[in-house]
Amino acid sequence: MAKHKKQPRPKAVTPKGFRDYFGAEVTRRADMLARIARIYHRYGFDALETSGVETVEALGKFLPDVDRPNEGVFAWEEDGDWLALRYDMTAPLARVAAQYRNDLPSPYRRYAMGPVWRNEKPGPGRFRQFYQCDADTVGSASMAADAEICAMLSDVFEELGLGGDYIIRVNNRKVLNGVMEVAGIGGPEHEAERGIVLRAIDKLDRLGEDGVRALLGEGRKDDSGDFTKGAGLDDEQAGVVMGFMGALGADGAATLANLDRLVADSEVGREGVDELRQIADLLAAQGYGPDRIVIDPSVVRGLGYYTGPVYEAELTFEVTDEKGRPRQFGSVAGGGRYDDLVKRFTGQEVPATGVSIGVDRLLAALTMKGRFDDAEDGPVVVTVMDKSRLAAYQAMVSDLRKADIRAELYLGNPKNFGNQLKYCDKRGAPFAIIQGEDEAARGVVQIKDLKLGARLASELSHEEWRDQPAQFECRLEDMVSEIKARLG
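Each position in the sequence shown, counted from 1, maps to that position plus 184 in the working numbering.
What follows is the structure, given as C-alpha cells:
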C-alpha cells in the first residue's frame, strides 16, 4: 500500500505588499477616523458604505492617476462577469450616484472610509491594501462646493491638533488648459504634447526647473543615461508653461493677477482664474486666510484627471528622511473637481468635487507629532488564585466594565501565578487585581500597580524598593473607585 504523502504545513507569512495591524495602531486609526467623521457630519455629509467588490465595467479606467489602463486591480471572472476589488472610493461613488439618482437628494453629499486594494508592485511604505477617507459633493457646479471641501479639510487638521503645521494649496485645471492654448498646444492634434507637458510639470519637485524645461523641449537624459523624449516646445512656448509654474505671488491677489496676464488670450483660462477668485473670496468670507488655504499654481498632481479646481494638503513640519536629511512631511490629502465621472453611466454631465485623505500617512504624521500616547494601556487584569472562585472574579471584572474601565479575567492556566503576571506585562496592563482565600475572607483585594512597579524597579535600590511597594490593599467595595482614581 502506497504511503500517504505528508501534507506540508502552510507558511505563516503575510502576502507580499500587505501588512497586519495590531492593537494601538487599529485603535488610533479608529479614533482618528471617528474625529474626521464628526467634522464631515457637521458639514452635512452623509456616511456611505459600498461593497469592497465592484464590476470591472463599473470601475472603468483603472487608476486614473497613472498611465496603465486595465491594470492595477485585483480582478477575477465569475459566471461570465469580471469583478474586482475597489481601487478607490470615487469609482463606487459614481456608480451609486448613477444607480440611485432618482432616490438620492441632489446635490448628494457623502463621505466614505475603508480599505482599497491596488495590484501594484509594492515597495517601502507602499502597500497593496490601504485605507482611504473621502468626502464628495455630486450634483453641484458651484465653486461654493469646492470652497467648502477646502474649509472642511482645514477643520479636520485643526480638530486633529495640526493647526499651524499644514497648508492647503488650490489650483485649477482650466488655468493650465488656458496656458496650453496660449502656448499653441490647445487643440486635439496636440494631445500627445499636452500629456508630456502634464507629466513634466508633475516632476517639478523632483527634477527642478531645469529638468522640467528640458522635458518641455527636446527631452532629458537622466543620470543613468536613459533619454526621455520631450514635448518639443520652442523657447517661447516653454516660457509660457514655466511662467505658469512660477506665478505664485506675494499674496492671493498677486497670484491671480499673474495668472490673469498669462491666460488673457484664452477663454477657458480666464474661466479658471475666475473660479479660483470665487473660491478665494468664499474662503476669506468664512475666515480661512492664506495661513491655512492659498491659491498656488505649483499644485500639479492630478491635473490630468480633474476638470476644474484641484487642491492638495501638505503638512509643513520637518521630518528626517531615510538618509538623515531634513525635509517637510509633505502631502496627506488631495482632490478636485471631476465633472465627467458619472457621465459614463448616465450619458449626462454631472458636476462633482471631492477630497481623499491618505489615512496611513496622516496617522503616521499624528504619531510623529505626539498626538497619541506613546503606549496605550491594556486592560486591568483580574488574576485567578482559586479556580473554584471564577464567578467571584468575573463579578469583579463586570464591576470594572460597568464603570467604563477596560478589564478582563485571566483565562489561561492559573496554576503558575508568575505566568499570570507575565501575561499582564505582555498586555500592557496598568493594574492586576489579586484576591486569594485570605483576602476573600476579609473582603479585600490586593491591587498591583504594574506601571509604577516597573518604574520603581528600574530607579530604586532593593532597600528603597522594599519601602515603596507598588502593591496595596483595599476593600472590595472600594476597588472600582481606587482603580478609577489611579487611571486618572
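For glycine and all other residues, C-beta sits at the position ideal for the given N, C-alpha and C.
Task: Burial state of Leu595 (16 or more Cβ within 10 Å) - done: Exposed is the call here.
Task: Neighbour-count burial assignment, Leu467, 16 or more Cβ in a 10 Å radius - done: Buried.
Task: Straight-line Cα distance separating Asp609 from Asn600 - done: Cα-Cα distance, rounded: 15 angstroms.
Open item on the list: With distance defined between alpha-carbon atoms, name the residue in Glu661, Gly538, Glu592 and Gln470 nearest to Ala497.
Closed with: Considering only Glu661, Gly538, Glu592 and Gln470, the residue with the shortest C-alpha distance to Ala497 is Gly538.
Task: Boundaries (first-last residue) of the beta strand (DSSP E) holding Gln512 - done: If you look at Gln512, you'll find it in the beta strand (DSSP E) that goes Pro510 to Arg521.
Task: Backbone secondary structure at Gln578 - three-state DSSP - done: Correct three-state label for Gln578: helix.
Open item on the list: Under 8 angstroms, with one C-beta from each stretch per pair, do the region 289 to 299 and the region 217 to 232 reach the 3-pair mark?
Closed with: Output reads yes: the region 217 to 232 touches the region 289 to 299.
TODO: Drop a sphere of 10 angstroms on the beta-carbon of Ser450, count the other beta-carbons inside from all chains shown, and report buried for 16 or more, exposed for fewer.
DONE: It is buried - the Cβ of Ser450 has at least 16 other Cβ atoms within 10 Å.
Task: Backbone CA spacing between Ala613 and Thr500 [nearest angstrom] - done: Roughly 36 angstroms between the two C-alpha positions.
- [ ] Enumerate in chain order the residues of its own chain whose CB-to-CB distance from Gln462 is below 6 angstroms, with the five nearest sequence positions on each side excluded.
- [x] Only residues of its own chain outside the window of five on either side were considered, and among them Met327 have a CB closer than 6 angstroms to the CB of Gln462, listed in chain order.
Open item on the list: Report the CB separation of Gly436 from Pro481 in whole angstroms; it is logged as a contact under 8 angstroms.
Closed with: With 8 angstroms as the limit, Gly436 and Pro481 do not qualify as a contact, their Cβ atoms being about 12 angstroms apart.
Open item on the list: Please state whether the Cβ-Cβ distance between Phe411 and Gly403 is less than 7 angstroms.
Closed with: Yes, the pair counts as a contact, with Cβ atoms nearer than the cut-off.
Task: Own chain, CB closer than 6 angstroms to Val566, minus 5 neighbours either side, in chain order - done: Same-chain partners within the cutoff: Tyr577, Met580, Val581, Leu593 and Ile617.
Task: Arg252 in three-state terms, based on DSSP - done: Caution applies to Arg252, whose pLDDT of 41 falls short of 50 and renders its modelled position unreliable; the value that the coordinates give is listed next. Reduced to three states, the DSSP call for Arg252 is coil.
Task: Beta-carbon proximity of Val478 to Arg353, cut-off 7 angstroms - done: Yes; because the gap between Cβ atoms is below 7 angstroms, this pair is in contact.
Open item on the list: Measuring alpha carbon to alpha carbon, tell me which residue in Gly323, Gly345 and Asp318 is nearest Cys334.
Closed with: Residue Asp318 holds the alpha-carbon nearest to the alpha-carbon of Cys334 among Gly323, Gly345 and Asp318.
Open item on the list: With H, G and I counted as helix, E and B as strand and the rest as coil, what does DSSP make of Arg293?
Closed with: It is a strand residue.
Open item on the list: Cutting at 8 angstroms between CB atoms, please list the residues of its own chain near Val483, excluding the five before and the five after it.
Closed with: Excluding positions up to five away in sequence, the list reads Arg353, Val354, Asn355, Val494, Tyr495 and Glu496.
- [ ] Quick one: grab the DSSP three-state call for Leu277.
- [x] Looking at Leu277 - three-state DSSP - the assignment turns out to be helix.
- [ ] Kindly confirm or deny that the region 520 to 538 and the region 280 to 287 touch, where touching means at least three C-beta pairs closer than 8 angstroms.
- [x] With the cut-off at 8 angstroms, the region 520 to 538 and the region 280 to 287 touch.
Task: Nearest-angstrom beta carbon gap, Leu269 and Gly236 [assumed within contact, 8 angstroms] - done: Sure, about 6 angstroms apart at Cβ, within 8 angstroms.
TODO: Return the chain-ordered list of same chain residues with a C-beta closer than 6 angstroms to the C-beta of Gly637, the five sequence neighbours on each side being excluded.
DONE: Hits under 6 angstroms: Ala654.
Open item on the list: Applying the 10 Å Cβ sphere with the 16-neighbour rule, what's the burial state of Met364?
Closed with: In the assembly as shown, Met364 is a buried residue. Its beta-carbon has 16 or more other beta-carbons within 10 Å.
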